[in-house]
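Enquirer: The working numbering puts the first sequence at residues 69 to 896. We put the CB at the ideal spot given by N, CA and C, even for glycine. Small disclaimer: the values here were computed from a predicted structure and weren't measured. One structure, pasted below without further comment.
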Amino acid sequence: MEEEKYFPKEIEEKRRKLWEEKKVNKVEIDRTKPKYYVLSMLPYPSGKLHMGHVRNYTISDVIARFKRMNGYNVLHPMGWDSFGLPAENAAIQHGADPETWTLDNIKYMKLQLQKLGIMVDWDREIASCLPDYYKWTQWFFLQFFKKGLAYKKEAAVNWCPKCATVLANEQVIDGKCWRCDSIAEKKYLSQWFLKITDYADRLLQDLDKLTGWPDRVKLMQKNWIGKSHGAILKFKVKEIDGLEIPVYTTRPDTVFGITYLVVAPEYKDIDKLTTPENKEAVQKYRENASRMTEIERLSTERVKTGVPLGTHIINPFNNEESEIWVADYALVDYGTGAVMAVPAHDERDFAFAKKYDRKIKRVIDNPENPDAPLDEAYVEPGVLVNSGEFTGMKNEDAKKAITEYAEKNGFGKAKTQFRLRDWLISRQRYWGAPIPVINCPKCGIVPVPEEDLPVLLPKDVDFSVKGKSPLSTSPTFVKTKCPVCGADAERETDTMDTFMCSNWYYYRYLDAHNDKEAFSKEATDYWSPVDQYVGGIEHAILHLLYARFFTKAIHDLGITGVDEPFKNLLTQGMVLKDGSKMSKSKGNTVDPDEIYENYGADTARLFILSDSPPGRDFDWTDAGVEGCYKFVNRLWRLFVQNKENVIADYKLPDIKELSPENNNLVRQTHIAVKSITQDINAEFQFNTVISRYREFTNTIYDYLAKKNTLNEQDKNVLSFALFTLLQLVAPVVPYMSEEIGEILGLKESVHAGTWPKYDDNLAKMSSITVVAQINGKIKDKIEVDAEISKEELEKTALNSEKIKAQLEGKQVVKVITVPGKLVNIVVK
RNA sequence: GCCCCGGUGGCGGAAUGGUAGACGCGUCGGACUUAAAAUCCGAUAGGGCUCAAACUCUGUGCCGGUUCAAGUCCGGCUCGGGGCACCA
């Protein structure tokens, strides 16, 4: 018999074109079905797909296909996070037009994605760099501005002195400029911020609602938001009437132990607080600090430094005077920018006090060991000493008592503090969405009227300009009229952080061509929230937190009804090659095109799901691809070699009428359906799903190996097994299963069909193996009827020859019987 | 430093407290072939005793505990990975 060989390239090419022509993945609102929105993090169009993309999109695609076969109306869209630095660098380095560069990459990568066989409704494709998209990014900015959620203030940015340019956080690697290795400095510029801190508490509290998120990610967000409880305490400055320094502390109980006070180098009142004798030293220290910040980050042993200002605070609790110092271990943008120093009970203050010979005053004792020497800061709970009327209190109680005392006397109050800072969205960059505001000399900051959106990116810019946004070099862009008073005015030349674009893309897919609004309420009401989000763990904090913030903000503006965007989250691990991270510099990357060419996308999909659970790192090996290619061929042969025996409209006789082998095969089929369905539903455990594919395939091969000829019953049972297998593998190997469905005479696409159901009564074998143990050690394995009663099972085990021999001369204390599993006989 | 997660054959990894190592990769042996590729069959944690089988002991990073029964639960270490990092 002439064997029909498996040629993946031909099949995949043919199928892909058919799917695209027929738009088989087109999806619309359909209220007759439950909806399911599966989303994968959209790629940056860097040039070529990498294996991380392949893994990400295969996972989401298999979920999408599985859900569609289970009767859901499934949306699985795709788009491009297409603003960003690489495009701009291409412009700087070889004069490319960022837009052309980006759109060319999109074109190429889109084909690569289509070759992967993902079921995407490409009519909903979006690209964040196109005006019909960024118009709405700008529109959202304006809504935030109107609500007071977007504001401008002076802020520190990373600055490369050699390139004379601002660096994004990601461009500062180990404290150095990514391009020239100069030490990055801090510089102060007026920048746009979004007030994410207004949402700190809700972002924290609502983490509890996200039961479908990995605990790890929720914990990372929780730490990032960093809520703490403490107090603001205000200290009068002895030398300056009316000037107070407020500090934030989580340890008001240690207030009697203050021996000095520290302000950050950028503290606003620092000039007032510095005496003329100290002016020079303080000035020098502050200059150094601005330069040293990043260098210091490099050192593991952070040496604390500081200089005194010459002024003093008065502690209102005991009227003691203490020096005020400037030290860079105080952070200007956390708390009040000033810290009360209690060396006896804070490790940092202790180290500083030792270095500069400051007084260390103990105010909390360990009740179990009150005379222990203070070799290091004592930070454990204890009892207050040397603390006036609070002496003798437990320190936890004293926190409250001292805060209340301060509040009553007007020099303090309780305070909840977050580590989360407002989100700096200004970028002095070209390839981003322009911030839609106008600076008018008379009216100040004026938002661009909504009807004038989008504010288009100009083409006439100089990319090589240093130290400011390239937009500022455009003669046509900057000069404009004030929309309020009509006077000559200038446009804002900063663009928005690309995270602002990726904040809301998953809503645009829902109504991608709407030119009246960002998306319709009808579309978001139907599709939101995202049921399953799939993407890399590297976005655990920033993107996922910004997107949550965005959703809450537009929820409060009445734009959507949901206040959490992503119901379930799957964070997939990295793709490694032979144990180490794939990277161009190591030369160990794998090109998806090459895999498509040599093995086909089906094999690539199968392999990338097969060896590791989705959440773990995955090691790509050449041997592994080969192994999966063999299995795909084995599957192909199983179907194609038996096509003569397959009955498309097979009928399955009652289980009681089946021959023993057929009975067995029917049961094995139900077992396969059950375990595969459960493994996908539980945790998207595709690695075990693929193991089951192999087991079930082996079962059918074994069945056939024992048959020379097939009678009618055999053919019907075999057809049942084969069609079920075909449905089960369809989400993972979509091209091959579609081709085989046609070869075997299916009238409609296997992907449009339904997911097989299982019968719990049939999803088990008629006889099972049970272990007989003595004191927990296995002594025998016995074959029993699956329906055997507990009593019968116990009797059978006790009657086993091996068990009887072992029980000789011993006394049975008790017998534990677990039906279907084991019998354990406890003896002494 | 603080927080989190892991440690199972040569490798990737399976295992609702109930047969540890499913499934695969690799390796070894065999069949088919003039030969090779492909394919198919078998073996594959370690040790003891055996010609062989049967049998038996030890094994999930280390030490201890709970339990009839522990890779799984609890306590204490240790090694590896990740997140945050002077947050007062």
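Identify the continuous beta strand (DSSP E) that holds TYR601 and give its terminal residues.
Expert: First-last of the beta strand (DSSP E) with TYR601: 598-604.
Enquirer: Unbroken alpha helix (DSSP H) runs of length 4 or more, entirely within the region 634-671: which are they?
Expert: The qualifying runs are 660-666.
Enquirer: Would you call TYR601 buried or exposed, if buried means 16 or more other Cβ atoms sit within 10 Å of its Cβ?
Expert: Burial call: buried.
Enquirer: Where THR368 and LYS423 are concerned, what is the direct C-alpha to C-alpha distance, given to the nearest angstrom?
Expert: Note on THR368: pLDDT 45, under 50, position unreliable in the model; the coordinate value appears next. The alpha-carbon atoms of THR368 and LYS423 are separated by roughly 18 Å.
Enquirer: Let me know if LYS82 comes out buried or exposed under the rule of 16 or more other beta-carbons within 10 Å of its beta-carbon.
Expert: LYS82 comes out exposed.
Enquirer: Can you look up LEU86 in the DSSP assignment and give me helix, strand or coil?
Expert: Here LEU86 sits in helix by DSSP.
Enquirer: Run through DSSP, which three-state label would ARG365 get?
Expert: Confidence at ARG365 is low in this model, with a pLDDT of 47, below 50, so the placement of that residue should be treated as unreliable; the coordinate-derived value is given next. Helix.
Enquirer: Can you tell me which of the three DSSP states ASP528 falls into?
Expert: In this structure, ASP528 counts as coil in the three-state DSSP scheme.
Enquirer: Here's the rule I'm using: 16 or more other beta-carbon atoms within 10 Å means buried, otherwise exposed. How should TYR769 be labelled?
Expert: TYR769 comes out exposed.
Enquirer: So what's GLU876 in DSSP terms, helix, strand or just coil?
Expert: Coil at GLU876, not helix or strand.
Enquirer: What residues match up with GLU253 in a beta bridge as DSSP calls it?
Expert: GLU253 is bridged to TRP227.
Enquirer: Report the three-state DSSP secondary structure of LYS103 (helix, strand or coil).
Expert: In the structure shown, LYS103 sits in a strand (DSSP, three-state: E or B).
Enquirer: Using the three-state DSSP reduction, which class does PRO449 fall into: helix, strand or coil?
Expert: If DSSP states are grouped into helix, strand and coil, PRO449 belongs with coil.
Enquirer: Give the DSSP-derived three-state secondary structure of GLY692 in the structure shown.
Expert: The answer is helix: DSSP assigns GLY692 an H, G or I state.
Enquirer: Would you kindly work out how many angstroms separate the C-alpha atoms of GLY378 and ARG359, rounded to a whole number?
Expert: Whole-angstrom Cα-Cα distance: 24 Å.
Enquirer: Starting from PRO199, follow the alpha helix (DSSP H) in both directions and report where the run begins and ends.
Expert: PRO199 -> alpha helix (DSSP H) spans 199-214.
Enquirer: Restricting to Cα atoms, I'd like to know which of TRP595, LEU612, TYR74 is closest to GLY603.
Expert: Among TRP595, LEU612, TYR74, the Cα nearest to that of GLY603 belongs to LEU612.
Enquirer: Taking 7 Å as the cut-off, decide whether the C-beta atoms of LEU637 and TRP281 are in contact.
Expert: Yes, the pair counts as a contact, with Cβ atoms nearer than the cut-off.
Enquirer: Using a Cβ-Cβ cutoff of less than 6 Å, which residues in the same chain neighbour ALA980 once the five nearest sequence positions on both sides are dropped?
Expert: Residue 980 falls outside the range modelled here, since the chain spans only 69 to 896, and no answer is possible.
Enquirer: I'd like to check one pair, THR548 with ALA555: are the Cβ atoms closer than 7 Å?
Expert: In this structure, THR548 does not lie closer than 7 Å to ALA555 by Cβ.
Enquirer: Which same chain residues, not among the five before or five after ASP599, have their C-beta less than 7 Å away from its C-beta?
Expert: Within the same chain, ASP599 has close Cβ partners TYR104, TYR105, VAL106, LYS635, ASN636.
Enquirer: Are the beta-carbon atoms belonging to PHE303 and ILE381 less than 7 Å from one another?
Expert: The answer is yes: Cβ separation under 7 Å.
Enquirer: Roughly how many angstroms separate the alpha carbons of HIS607 and MET109, rounded to a whole number?
Expert: Roughly 9 Å separates the two Cα atoms.
Enquirer: Quick check on the DSSP output: the beta strand (DSSP E) that includes SER835 runs from which residue to which?
Expert: Here the beta strand (DSSP E) through SER835 covers 835-842.
Enquirer: Inspect the CB distances between the region 202-210 and the region 508-524 and report whether three or more fall short of 8 Å.
Expert: Short answer: they touch.
Enquirer: Quick check on the burial criterion: 16 or more other C-beta atoms within 10 angstroms. Buried or exposed for PHE587?
Expert: PHE587 comes out buried.
Enquirer: Around the C-beta of GLY478, are 16 or more other C-beta atoms found within 10 angstroms, so that it is buried, or is it exposed?
Expert: With fewer than 16 other Cβ atoms within 10 Å, it is exposed.
Enquirer: Would MET177 be called buried (16 or more neighbouring beta carbons within 10 Å of its own) or exposed?
Expert: Buried, because 16 or more other Cβ atoms sit within 10 Å of the Cβ of MET177.
Enquirer: Name the one or two DSSP bridge partners that MET804 has.
Expert: Its beta-bridge partners do not exist; DSSP assigns none.
Enquirer: Whose C-beta lies closer than 6 Å to the C-beta of PHE420 among residues of the same chain, with five residues either side of it excluded?
Expert: So the list reads LYS372, once near-sequence residues are dropped.
Enquirer: Distance check for LYS774 and LEU181, CA to CA, integer angstroms please.
Expert: Rounded to the nearest angstrom, the two C-alpha atoms are 43 Å apart.
Enquirer: Here's a check: name, in chain order, each residue in its chain whose Cβ is nearer than 8 Å to the Cβ of SER680, leaving out the five neighbours to either side.
Expert: Closer than 8 Å at the Cβ level, and outside the excluded window around SER680, lie GLY641, PHE686, ASP687, ASN755.
Enquirer: With a threshold of 7 Å on Cβ separation, who are the neighbours of VAL852 within its own chain once the five nearest residues in sequence on each side are excluded?
Expert: Within the same chain, VAL852 has close Cβ partners SER835, ILE836, VAL838, LEU861, THR864.
Enquirer: How many whole angstroms separate the CB atoms of GLY139 and LYS77, which I take to be in contact at a CB cut-off of 8 Å?
Expert: About 33 Å separates the two Cβ atoms, so there is no contact after all.
Enquirer: On the three-state DSSP scale, how would you describe ALA608?
Expert: Here ALA608 sits in coil by DSSP.
Enquirer: Assuming the contact rule is C-beta atoms closer than 8 Å, LYS244 and ALA252 should be a hit. Round their C-beta distance to whole Å, please.
Expert: Yes, they are in contact, since the Cβ atoms of LYS244 and ALA252 sit about 6 Å apart, within 8 Å.
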